[in-house]
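Trainee: Quick one: the structure is below, questions incoming.
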Amino acid sequence: MAMADSKSREAVTKAMAKAKAPSPMVSPRDGRSRLISSACGLLLFDAVLTAIIIARVPYTKIDWDAYMSQVTGFLAGERNYAEIHGDTGPLVYPAGFLYIYSGIQYITGGAVFPAQILFGVLYVINLGLVLLIYIRAQAVPWWALSLLCLSKRIHSIFVLRLFNDCVATTLMHASVALMQQQHWHLALTVFSAAVSVKMNVLLLAPPVLLLLLKSLTVWGVLTSLGCAAILQVLVGMPFLLTYPMEYFSRAFNLGRVFIHFWSVNFKFVPEDFFISKPFALSLLILHLGFLFVFAQYKWCRHEGGILRACGPQNVREEPKKSDLNVVDKFLRSVQSLSANHILTVVFTGNFIGIVFARSLHYQFYSWYFYSLPFLLWKTTFPTPVRLAIFFGTELCWNVYPSTPVSSVALLLCHVSLLAGLWFAPSEYPYVDRTKEIKKS
């Protein structure tokens, strides 16, 4: 029996070796320790840079007063979302936004400068989370981490504008970090918290659901989604018990049409067509179509497609050959999704949503900026091309107001990166844990 078991494990190891794709694009000298050292230095550098920006660059008044007005109405006892307004219009964010900005108002007294300091701390925390998930993925060279600190627009969004996108983005990155550690229930709870601040985080929902289905049993998927749903109910409870229709219609309005003038993308599209339903429907079809194609042929390629990858672990269709059955069953028992694969699926899925979003306002850059270095190094582009796309994207986001030319340039950057991701090799999605099994 022992000899047979040894031969079986040897066969499994060989099968896994054949299944694995080439290793990530990180040279041996760009190992984990070098990434950690670089990340620590960058975190310190950017903390100082952010402090200088707060001290030297004038604050730009955009939404802060509106946020404070909306929070004041909530704290005064108003629970009807239709009656909570600010300087820039009605409240359109879920209730998590109100709780967080109520806390910020309590800490800062509604003053801008203390809030800037608070958002400076938030910026550093967010950067730390991003560096952590990059280190775990080990997919970029150490020097490329510096790109995460070089965005003028991102610094502005965090400490000169104080947008709620900053809070949602930080929670989103915290959720991704938990996913990399396979803490799915906690990850989905934090993910739901991010959605409760701003709905843009839902762009990650399709890839996150795919990862859940690949990682957990049916019961695990249901309980993870249940954690997310329970948090939404608890957060919205004061409004759901009083004016539920007003809450849903305002906080989760998926049909909002943004003003053409403020859009950074598709500015070259005539306004009449930009706000039309055919244009919105076309983009939605493209969005869903690209998600499906990437899921079927890229993210689930090694499993044989979406159906095989996402079937419940105890009822997945097995290969016909009996020896492959043994290997397949054993692989599932000793493997989990790699941190690199999780980041690839989440960041690519989010980016697809960005490419086909009808309108992107300036603060929306924070939704995907931090994924750009990772995605660029997932392509097989030469490094000069990667850097050209990165800085070209940054340049487009710093043109104010946006123009048809800057919008076309941004679309070209987006499409180039998406094409690069499509033609990039698909990497093996699982971590080999057979060594741990042998030791036990």
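Sequential numbering of the sequence shown, starting at 350, is according to the working numbering. Backbone N, C-alpha and C define an ideal beta-carbon position, used for all residues, glycine too.
With burial defined as no fewer than 16 other Cβ atoms inside 10 Å of the residue's Cβ, what is the status of residue 676: buried or exposed?
Mentor: Per-residue confidence for residue 676 stands at a pLDDT of 45, beneath the threshold of 50, marking its modelled position as unreliable; no derived number is given.
Trainee: In chain order, which continuous runs of the alpha helix (DSSP H) of length 4 or greater are located wholly inside the segment 511-582?
Mentor: As far as the segment 511-582 is concerned, its whole alpha helix (DSSP H) runs of at least 4 residues are 513-529, 533-544, 554-564.
Trainee: May I have a chain-ordered list of the beta strand (DSSP E) segments no shorter than 3 residues that lie completely inside the segment 393-419?
Mentor: Runs found: none.
Trainee: Using a Cβ-Cβ cut-off of 6 Å (strictly less than) and excluding sequence neighbours within five positions of residue 652, which residues of its own chain qualify?
Mentor: Counting only Cβ-Cβ distances below 6 Å, and skipping sequence neighbours, we find 658.
Trainee: If you pair each beta-carbon of the segment 681-701 with each one of the segment 544-558, do three or more pairs fall below 8 Å?
Mentor: With the cut-off at 8 Å, the segment 681-701 and the segment 544-558 touch.
Trainee: Can you tell which of 488, 747, 567 has its C-alpha closest to the C-alpha of residue 688?
Mentor: Ranking 488, 747, 567 by Cα distance to residue 688 puts 488 first.
Trainee: Going by Cα to Cα distance, which pick from 656, 593, 531, 398 is closest to residue 565?
Mentor: Of 656, 593, 531, 398, the residue nearest in Cα terms is 531.
Trainee: Take every Cβ of the segment 627-637, pair it with every Cβ of the segment 699-708, and state whether three or more of those distances are shorter than 8 Å.
Mentor: Verdict: yes, contact present.
Trainee: Would you decide whether residue 614 is buried or exposed? Buried here means 16 or more other CB atoms lie within 10 Å of its CB.
Mentor: Buried: at least 16 other Cβ atoms inside 10 Å.
Trainee: Taking the beta carbon of residue 599 as the centre, do at least 16 other beta carbons fall within 10 Å, making it buried, or is it exposed?
Mentor: The residue is buried, with at least 16 neighbouring Cβ atoms inside 10 Å.
Trainee: Could you compute how far the alpha carbon of residue 409 sits from the alpha carbon of residue 462?
Mentor: Distance between the alpha carbons of residue 409 and residue 462: 11 Å.
Trainee: Do you know whose CA, among 444, 756, 383, 472, lies nearest residue 403's CA?
Mentor: Checking every option, the nearest Cα to that of residue 403 belongs to 472.
Trainee: Which residues does DSSP list as the beta-bridge partners of residue 434?
Mentor: DSSP lists 439 as partners of residue 434.
Trainee: Residue 582 and residue 443 - do their beta-carbons sit closer together than 8 Å?
Mentor: It is not a contact, given that the beta carbons lie outside the stated cut-off.
Trainee: Given this structure, state the Cα-to-Cα distance separating residue 326 from residue 534, to the nearest angstrom.
Mentor: Outside the displayed range of the chain (350 to 789) lies residue 326, so it cannot be described from this structure.
Trainee: Roughly how many whole angstroms lie between the Cα atoms of residue 776 and residue 726?
Mentor: Each residue's Cα considered, the two are about 13 Å apart.
Trainee: Go through its chain and collect everything with a Cβ distance to residue 441's Cβ below 8 Å, but skip five positions before and after it.
Mentor: These residues qualify, in order along the chain: 599, 600, 602, 605.
Trainee: Where does residue 611 land, buried or exposed, given buried means 16+ other C-beta within 10 angstroms?
Mentor: With fewer than 16 Cβ atoms within 10 Å of its Cβ, residue 611 is classed as exposed.
Trainee: Whole angstroms is fine: what's the gap from residue 751's alpha carbon to residue 778's?
Mentor: When rounded, the distance between both Cα atoms is 39 Å.
Trainee: Return the Cβ separation of residue 735 and residue 742 in integer angstroms, given the expectation that the two are a contact with Cβ distance under 8 Å.
Mentor: No, residue 735 and residue 742 are not in contact; Cβ-Cβ is about 11 Å, not under 8 Å.
Trainee: Among 548, 432, 559, 495, whose alpha-carbon lies nearest the alpha-carbon of residue 592?
Mentor: Cα-wise, what sits closest to residue 592 is 432.
Trainee: Does the Cβ of residue 749 have 16 or more other Cβ atoms within 10 Å, making it buried, or fewer, making it exposed?
Mentor: Exposed.
Trainee: Closer than 8 Å is the cut-off here; do at least three beta carbon pairs connect the segment 501-514 with the segment 391-405?
Mentor: Contact between the segment 501-514 and the segment 391-405 is present, because at least three Cβ pairs lie under 8 Å.
Trainee: Within this structure, are the beta carbons of residue 537 and residue 577 separated by less than 8 Å?
Mentor: Yes, they are a contact pair.
Trainee: With a Cβ-Cβ cutoff of 8 Å, do residue 478 and residue 523 count as a contact?
Mentor: In this structure, residue 523 lies closer than 8 Å to residue 478 by Cβ.
Trainee: My guess is that residue 756 and residue 617 are in contact by the Cβ rule of under 8 Å, so how many angstroms apart are they, rounded?
Mentor: About 5 Å separates the two Cβ atoms, so the contact holds.
Trainee: Please identify the residue among 711, 513, 545, 475 whose C-alpha is closest to the C-alpha of residue 497.
Mentor: The candidate whose alpha carbon is nearest that of residue 497 is 475.
Trainee: Pick helix, strand or coil for residue 754, following the three-state DSSP scheme.
Mentor: If DSSP states are grouped into helix, strand and coil, residue 754 belongs with the helices.
Trainee: Rounding to the nearest angstrom, what Cα-Cα distance links residue 759 and residue 513 in this structure?
Mentor: Rounded to the nearest angstrom, the two C-alpha atoms are 24 Å apart.
Trainee: Taking all protein chains shown into account, decide if residue 503 is buried (16 or more other Cβ within 10 angstroms of its Cβ) or exposed.
Mentor: Buried.
Trainee: Beta carbon of residue 420, beta carbon of residue 454: below 8 Å?
Mentor: Going by C-beta atoms, residue 420 is nearer than 8 Å to residue 454.
Trainee: Pick out whichever of 493, 543, 458 has its Cα sitting closest to the Cα of residue 733.
Mentor: Checking every option, the nearest Cα to that of residue 733 belongs to 493.
Trainee: For residue 708, does the three-state DSSP call read helix, strand or coil?
Mentor: Of the three classes helix, strand and coil, the one that applies to residue 708 here is coil, per DSSP.
Trainee: Going by DSSP, which residues form a beta bridge with residue 779?
Mentor: 686.
Trainee: Could you give the residue range of the alpha helix (DSSP H) that holds residue 454?
Mentor: Start and end: 444-457.
Trainee: Beta carbon of residue 521, beta carbon of residue 459: below 8 Å?
Mentor: Result no, Cβ atoms of residue 521 and residue 459 do not sit closer than 8 Å.
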